[in-house]
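Heads up: the structure comes next, in structure tokens.
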Amino acid sequence: MNFQSLTRRFARLTTDIVVRWPRLWFLLRPVLRFQFDRLAPQWDAIRDSETAYAPYEAALERVEPPPKRALDLGTGTGGAAFALARRFPDAEVVGADVAERMIEQARRNSPDDLGDRVRFEVADASKLSYGDASFDLIGLSNMIPFFDELDRVLVPGGFLIFAFSGGAETPIYVPPERLRAELERRSFTDFAEFSTNPGTALIARKPDDP
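Numbering (my numbering), first residue to last: 119 to 328.
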């Protein structure tokens, strides 16, 4: 078994464990971070650029009104953050990832035409440094969700997007019924699902303040 195959298996196992027991993330985080740091130089070649962000982009079409400030969480080398910035040309976009070498590569990948609207930061999704209600839109592409933190940093009325480039075959994957159950517990509404064959995505909206 090569390193890439081992990473895929460990990513699926970690996702299943952390979604059920988020407090165990601190045990698994160092290994997953090491694996993705090691993959960073070839990450863009590993992901099929023709299909990797199709479900993410399909979900972005449903976001209205356009966000002023958006977070791409688990940004990797920045592909989804760039797609988000191009879809919403007036938005400030933050790309965050726990793997430092992924962030370094994302910064090198930054296109000149996006200027300073996109910035990249090393961040742990389980404990974000951003204040409450910091973002109008949060997108996750092939990313383990930490639902309480997502709820905390999203503004009332804001949107969450969960995209999986390979659908159920994606190493980091959470089934839509589990996503809905976790979000409904936090009063999210306006769910919609997308399929781009093989990719899938789900979008949900946080309720407005009463």
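Using N, Cα and C, we set each Cβ at its ideal position, and we do this for glycine too.
Backbone CA spacing between residue i and residue j [nearest angstrom]
| i | j | result |
| --- | --- | --- |
| I135 | R225 | 31 Å |
| P159 | R205 | 26 Å |
| V149 | L258 | 20 Å |
| E175 | L124 | 29 Å |
| R235 | I221 | 16 Å |
| R89 | E218 | No statement about residue 89 is possible, as the shown extent of the chain runs from 119 to 328 and does not include it. |
| F66 | N315 | Nothing can be reported for residue 66: it is not among the residues displayed for the chain, which extend from 119 to 328. |
| L320 | A310 | 6 Å |
| L157 | Q223 | 11 Å |
Collapsed DSSP secondary structure at residue i in the structure displayed
| i | result |
| --- | --- |
| R235 | coil |
| V216 | coil |
| V292 | coil |
| V149 | helix |
| S313 | strand |
| V240 | strand |
| E210 | strand |
| R323 | strand |
Among the options, the one whose alpha carbon lies nearest that of residue i
| i | options | result |
| --- | --- | --- |
| L232 | I221, D215, A201 and E218 | A201 |
| D326 | F280, G275 and L320 | G275 |
| L145 | W161, F128 and D308 | F128 |
| L131 | P289, L297, S228 and P185 | P289 |
| P328 | L320, V212, V273 and R165 | V273 |
| Q122 | L255, P184, Q223 and I164 | I164 |
| R147 | A198, V216, V211 and P185 | V216 |
| E302 | R323, E287, F312 and G284 | R323 |
Residue i CB to nearest heavy atom of the ligand PLP below 6 Å
| i | result |
| --- | --- |
| P263 | Here there are no bound small molecules, and the ligand PLP is not part of this structure. |
Test: residue i CB closer than 7 Å to a CB of chain C
| i | result |
| --- | --- |
| S259 | Annotation note: the requested chain C is absent from the structure, which comprises a single protein chain. |
Residue span of the beta strand (DSSP E) that contains residue i, given as start and end
| i | result |
| --- | --- |
| L84 | Outside the modelled stretch of the chain, which goes from 119 to 328, sits residue 84, for which no answer is possible. |
| D254 | F253 to S259 |
| L142 | Counting along the chain, L142 falls outside any beta strand (DSSP E), and DSSP gives it neither H nor E. |
Outcome for residue i when other beta-carbon atoms lying within 10 angstroms are tallied against a minimum of 16
| i | result |
| --- | --- |
| D190 | buried |
Residue i - containing alpha helix (DSSP H), residue span
| i | result |
| --- | --- |
| R204 | G197 to R205 |
| I164 | W161 to I164 |
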